[in-house]
Structures are given as C-alpha cells and as structure tokens.
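Protein sequences appear in the order of chains A and B. Plus 4 on top of the position in the first sequence (first one is 1) and you've got the numbering used here. Plus 438 on top of the position in the second sequence (first one is 1) and you've got the numbering used here. The C-beta atom is built at its ideal place from N, Cα and C for all residues, glycine as well. Nothing here was measured: the structure is a model prediction, and the numbers come from that model. Structure, as structure tokens:
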Amino acid sequence: MSSLFPDPLLITGLAKSFGARRAVDSVSFGVASGEFVALLGPNGAGKSTLFQMLSGLFVPDEGSAVVAGADIGQSPIPALARLAIVFQQPALDLDLSVEANMRFQTDLHGIARTEAKNRISHWLERFGLTERAAETCRQLSGGTRRKVELARALLSEPQLLLMDEATVGIDPASRASILSDVKTLCRERGMGVLWATHLVDEAEAADRIVVMAAGKVRFDGTPKELIKQSKHTNLTDAFLDLTRAEGKP
Amino acid sequence: MKLLHARLALAAITGREVHKFLRQPGRLASSLVRPLLWMVVFAAGFRQMPDLGNVMPFNPDLDYRLYMVPGLALMVCLFNGMQSSLAMVYDREMGVMRLLLTAPLPRGYLLACKLAGGAFLSVLQALAYMIIVVVWGIGLSPWQVLTALPALVLGALMLSAFGLMLSVYIKQLENFAGTMNFVIFPMFFLSSALYPIQRMQNAGAEWIYQVSSFNPFTHAVEALRYALYGKIAPLSLAVVVVSSLVFYLVAAAGYDPQRGLVKSGRG
Numbered sequence: 005m006s007s008l009f010p011d012p013l014l015i016t017g018l019a020k021s022f023g024a025r026r027a028v029d030s031v032s033f034g035v036a037s038g039e040f041v042a043l044l045g046p047n048g049a050g051k052s053t054l055f056q057m058l059s060g061l062f063v064p065d066e067g068s069a070v071v072a073g074a075d076i077g078q079s080p081i082p083a084l085a086r087l088a089i090v091f092q093q094p095a096l097d098l099d100l101s102v103e104a105n106m107r108f109q110t111d112l113h114g115i116a117r118t119e120a121k122n123r124i125s126h127w128l129e130r131f132g133l134t135e136r137a138a139e140t141c142r143q144l145s146g147g148t149r150r151k152v153e154l155a156r157a158l159l160s161e162p163q164l165l166l167m168d169e170a171t172v173g174i175d176p177a178s179r180a181s182i183l184s185d186v187k188t189l190c191r192e193r194g195m196g197v198l199w200a201t202h203l204v205d206e207a208e209a210a211d212r213i214v215v216m217a218a219g220k221v222r223f224d225g226t227p228k229e230l231i232k233q234s235k236h237t238n239l240t241d242a243f244l245d246l247t248r249a250e251g252k253p
Numbered sequence: 439m440k441l442l443h444a445r446l447a448l449a450a451i452t453g454r455e456v457h458k459f460l461r462q463p464g465r466l467a468s469s470l471v472r473p474l475l476w477m478v479v480f481a482a483g484f485r486q487m488p489d490l491g492n493v494m495p496f497n498p499d500l501d502y503r504l505y506m507v508p509g510l511a512l513m514v515c516l517f518n519g520m521q522s523s524l525a526m527v528y529d530r531e532m533g534v535m536r537l538l539l540t541a542p543l544p545r546g547y548l549l550a551c552k553l554a555g556g557a558f559l560s561v562l563q564a565l566a567y568m569i570i571v572v573v574w575g576i577g578l579s580p581w582q583v584l585t586a587l588p589a590l591v592l593g594a595l596m597l598s599a600f601g602l603m604l605s606v607y608i609k610q611l612e613n614f615a616g617t618m619n620f621v622i623f624p625m626f627f628l629s630s631a632l633y634p635i636q637r638m639q640n641a642g643a644e645w646i647y648q649v650s651s652f653n654p655f656t657h658a659v660e661a662l663r664y665a666l667y668g669k670i671a672p673l674s675l676a677v678v679v680v681s682s683l684v685f686y687l688v689a690a691a692g693y694d695p696q697r698g699l700v701k702s703g704r705g
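Quick look at the structure:
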C-alpha cells in the first residue's frame, strides 16, 4: 500500500496490563479502506481495553496503533481527527435535542457552522431522523439513540469508525438496521470499520473476523476460513471452539 | 489547534454549561437566596458585634452588611465551582466525558474550556447577587460593582480551578457530598468573609488566624473588597492568580482518563 493512502488502522504489538493481568497481549492486525472487520470475542477478552487504547483514553504499555498514518500515542490529535467512535455506553446529553447533540460534536471537531449545518441535515436525513431533530434525546428509544450516535460519529467524515459493542441492549430489528447501515457506509465511503462484538451473527457478514480471547488474537481471516480451519460447519461452533481451545489461564 | 476550532470548542463547552444552568432555574434561585439569607438574617443579629475599625479599605462607620458583600459574592462562586465539578464527575459517569476526551483537541485545552464555562456561570450569579444588593439600596453603587468585575472574574476562575482539581481526584459521585462539607465550610469560615481575620488574632485564636491568612479564599475576598472601593490589593491578587494556576496545573497533571472511565482496572 502506498504511504500516501495509509490504511485506516494498523495495530502492531499492542499490549496493556492491569497489575499482573495482561488485558491486551501483543495484538497486531489492520483494517483496510472500505473493509468491515468484526472484532469477535467473549466478554473480558480485552476488546474494550483495545478500544480504549485506539481512542487514546488508555496509554498502551507496548506497541503502536496508527490511524490513517497518525500514531495515536505520538500524534493523538491528528489521529483522533481521523477516527470516530460509538461507545458501548451511550454518550448523549439526554437533555439536549438531537440537533444540539450533533452540533456539539461538529464544534468539538472544529467544523465551521455552515458546513456543520449541511452535514447535520445530510446525516439526519440519511438515518430518517430529520423529523426528530428538535426532540431531546431523552424522548428517543434506545435504538434511535444509537442511530443518533452513529450519525454523530459520521459528522467528522472519519476514515476509521470504531463501534464498541454498539448494539448491546437494542432490539433485533434496530440492531440489524444499524449493522446494515454501517456496512453500506463502509462500502460507499471507503471507510474502515472495526466492529467489536460478542455476537457471532453480527460477525458473520464481516469481510474479516479477528477473534480475541484472554487478550490475544486467536484468529484473523474471513468467516469462511474460520469455519474451514475448524471441524465445524457453522461459525458459532467454530468460534466457541477457538475461544475455549487454549482454555482459561 | 486552529483558532476557529479552539473558538468553536470553547463556545460549545461553555454553551453547554450555560444551557444546563438555564434548565435548572432552582439553581439560580438558590445561589441568590443563600447570600441574601446571610445578609438579612445573619447580619440582623451580628451587625453590631464585629469591630470594623481600622479595617482597610473601609471607613470605620460602614454598614456591616456591606462588609459581607465580597465574601458572599465569592461564596456564590465557591458553590458554583463545586457544582461545576460535580457536573464533571457526573459527565464522567454518563459517558459525555469520553466524547470530550476523544475530541481532536489538547486535553489541557478541554479542561480550560470547562474551567471557563464554570467561571462564567459563577460571575453571572455573583453579579446577579450584587445587583440585588445595589437595588436594595444599602449603599453599594453600580460603579463599585463595575470596578470590582476584574477581581470577581479572577476569584471565580480560582474557585472553578479549585473545583476542577477536586473533580479530578474524586472518583465517584457518592463521595462528593461529603467533600463539599469538608471543603466549602472550612474554606468559607476560615477566611475574612464574615469578619476581619485580625479579630481572630485579637481574640487569641492564633492558629485560626494563621490558617485563614494562608487560605486563598481570604485573598480572593480581600482582592474583591479592595476592588469594590477602587483600590488594588497586590499581594491578594498575586495569591489568587498563582493559586488559580496551581489548581489548574494540578488538575491537568492529575487528569488521567484511565481512571473512572471503566469498571476494570483501578476504577
């Protein structure tokens, strides 16, 4: 790959310990432009810790994470400008309107007001939220709130979108619709997506699956390859086998 | 960091503080009732007792209620500073803080925006209180309030920075109520807010006098008191500015996003 167009994400030997526990242990993988990568792992596999490091909230003990050419450790500000995150825990100001929540984000990213206005109305329309723009987020259902968070994340036109178990606690219909929206956007915009989940069905349609367990990468390849290398015929069993394999420490 | 970006972020963060404040009319009401209660009720019985003679920059015949004005104006700021830092702990628990910390801006600048937002609200509330005192007609003139504005802004910044520092070191919302009692009351009572600290010394309470004279709150009050009478208290102003810087730097240095954001680790 030309260094003029670096991959949205390149992780090399990333590690983080809490006391004696290696929460993330020498993790290396990448996400290419337009690629949808599912980061699959059981609870406690280290996915959240990995995400905290990718978003600059945690400082890694070792290794590096480069977001579209900017190292998050060495030049956090350009790196943060190129990525967007939808957190596992909702991060909306519930007393502000949908539009005000979105404007808060464009201001934090330094997008001039006229441009911000265009982008906000574009993304609200794209997610069918135009009529709800003036409602406070408290009035919205869990699924709709998530859509607002996704729309908000896209305002800065990121090259990398991080989704941290973004569909937890949401009804199946909204879950499916968010998943398909993100996949479409990934193709349309050539944006890299890293989608952390513990749900195998969400990983099924990914371009690539990275399986994590006990802080380590256990598998990195296409869903088909994952099934093929196991003795099973479906992804769930292959995944369970893989995360059980080397057992708990 | 581009100028436009810095300006938009500052407007967004302070705007959010103001918006939150406007949503809670009870907060303005209580911030006004508190000092006025002191002035009406406390001063009713107490105004004959303190000896204000030889207290700069007063003339000795001045009304005790006017002596209270700077201390109470800064009490308003102290409460608001605590409230802002409480809101920050709340933001941290609600996830909004993550959004702030993952914005492409230097962390120190984001904290400074928070600080500016808190101080702005403090100044507004303290001004509202002083305007009521002006209208009350016990001898405070609008000009005095105007000349005191810079000193008020400095005091408000110092107390907001103090609140910011506390919010960094207080991990959980539940610990906050206790901290307020351990912080607000000693800071207010061990100062020159209610009567000149020289009176403590005269009464033989030497250690109280010593503690009070090192209390940055005393200096914020004195800086404001002098400013109200068109005078400058250089030592007090210096203490206020240096304390603000120290509080802010301690807050910025201690701000570890790894803490309080996740349940694992040291949460």
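Requested in this report: Quick one: measure Cβ to Cβ for Ser523/B and Ala557/B, integer angstroms, because I've assumed they're closer than 8 Å.
Outcome: The pair is not a contact, with the Cβ atoms about 12 Å apart (cut-off 8 Å).
Query raised in the report: Who does Trp199/A pair with in a DSSP beta bridge?
Result: Ala42/A and Met167/A
Query raised in the report: How big is the Cα-Cα spacing for Arg637/B and Gly692/B?
Result: 38 Å
Report task. Identify the contact partners of Thr452/B in chain C, using a Cβ-Cβ distance below 8 Å as the criterion. Result -> Annotation note: the requested chain C is absent from the structure, which comprises protein chains A and B.
Query raised in the report: From Pro162/A, Phe223/A and Gln143/A, pick the residue whose C-alpha is nearest to that of Ile89/A; which is it?
Result: Pro162/A
Query raised in the report: How do the region 128 to 140 of chain A and the region 68 to 85 of chain A stand: do at least 3 beta-carbon pairs fall below 8 Å, yes or no?
Result: no
Query raised in the report: Under three-state DSSP, which class holds Met216/A?
Result: strand
Query raised in the report: According to the neighbour-count rule (16 or more other Cβ atoms, all chains shown, within 10 Å of its Cβ), is Val680/B buried or exposed?
Result: exposed
Query raised in the report: Taking 8 Å as the CB-CB cut-off, is Tyr693/B touching chain A?
Result: no
Query raised in the report: What are the boundary residues of the beta strand (DSSP E) that Pro25/A is part of?
Result: Before going further, note that residue 25/A is Arg rather than Pro in the sequence given. Residues Arg25 to Val35.
Requested in this report: Leaving aside the five residues before and after Val186/A along the sequence, list all residues of the same chain whose C-beta is less than 8 Å from its C-beta, in chain order.
Outcome: Phe40, Leu154, Leu165, Met167, Val197 and Trp199
Query - Touch test, the region 235 to 244 of chain A against the region 514 to 534 of chain B, Cβ-Cβ under 8 Å, three pairs minimum - result: no
Requested in this report: For the alpha helix (DSSP H) holding Lys232/A, just list the boundary residues, first then last.
Outcome: Pro227 to Gln233
Query raised in the report: Taking all protein chains shown into account, do 16 or more other C-beta atoms lie within 10 angstroms of the C-beta of Gly705/B, making it buried, or fewer, making it exposed?
Result: The pLDDT assigned to Gly705/B is 28, lower than 50, so where the model puts this residue is not dependable; a value taken from the coordinates is nonetheless given after this. Gly705/B comes out exposed.
Query raised in the report: Among Ala641/B, Leu584/B, Gln648/B and Gly616/B, which has the Cα closest to the Cα of Ser629/B?
Result: Gln648/B
Query raised in the report: With burial defined as no fewer than 16 other Cβ atoms inside 10 Å of the residue's Cβ, what is the status of Tyr607/B: buried or exposed?
Result: exposed
Query raised in the report: Does the Cβ of Gln56/A have 16 or more other Cβ atoms within 10 Å, making it buried, or fewer, making it exposed?
Result: buried
Query raised in the report: Using a beta-carbon distance below 8 Å, is Val471/B in contact with chain A?
Result: no
Requested in this report: Kindly give me the distance between the Cβ atoms of Ile570/B and Leu675/B, rounded to whole angstroms, as I take these residues to be in contact under 8 Å.
Outcome: About 26 Å separates the two Cβ atoms, so there is no contact after all.
Query raised in the report: Can you give the beta carbon distance from Met618/B to Asn653/B, rounded, assuming they're within the 8 Å contact cut?
Result: Not a contact, Cβ separation roughly 17 Å.
**Report entry** Beta-carbon gap between Val70/A and Val221/A smaller than 8 Å
**Finding:** no
Query raised in the report: To the nearest angstrom, how far is it from the Cα of Ser184/A to the Cα of Val514/B?
Result: 52 Å
Requested in this report: May I ask you to list, following chain order, the residues of the region 153 to 187 of chain A that have a beta carbon less than 7 Å from some beta carbon of chain B?
Outcome: none
Requested in this report: Give the straight-line distance between the Cα atoms of Pro253/A and Ser52/A, rounded to the nearest whole angstrom.
Outcome: Model confidence at Pro253/A stands at a pLDDT of 44, short of 50, so the residue's coordinates are unreliable; what they give is reported in the following sentence. One C-alpha to the other measures close to 20 Å.
**Report entry** Beta-carbon gap between Ala541/B and Leu112/A smaller than 8 Å
**Finding:** yes
Query - Which of helix, strand or coil DSSP assigns to Asp224/A - result: strand
Report task. Between the Cα of His144/A and those of Leu100/A, Ala170/A and Ser160/A, spot the shortest distance and give me the residue it belongs to. Result -> First, the amino acid is wrong: residue 144/A is Leu here, not His. Leu144/A has its Cα closest to that of Leu100/A, out of Leu100/A, Ala170/A and Ser160/A.
**Report entry** Beta-carbon contacts of Leu590/B that lie in its chain and below 7 Å, excluding the five residues immediately before and after
**Finding:** Ala511, Val561, Ala564 and Leu662
Report task. Please list the partners that Ala511/B has in chain A, where partner means a Cβ-to-Cβ separation under 8 Å. Result -> By Cβ distance, chain A contributes nothing, its closest Cβ being about 29 Å from Ala511/B, past 8 Å.
Requested in this report: Consider the Cβ of Leu198/A: report whether some Cβ of chain B lies at a distance smaller than 8 Å.
Outcome: no
Query raised in the report: Which residues bound the alpha helix (DSSP H) around Glu129/A?
Result: Arg117 to Arg130
Query raised in the report: For Leu699/B, does the three-state DSSP call read helix, strand or coil?
Result: Because Leu699/B carries a pLDDT of 42, less than 50, the predicted location of this residue cannot be relied on, and the following value inherits that uncertainty. It is coil, neither helix nor strand.
Query raised in the report: Rounded to a whole number of angstroms, what is the C-alpha to C-alpha distance between Ala631/B and Ser651/B?
Result: 12 Å
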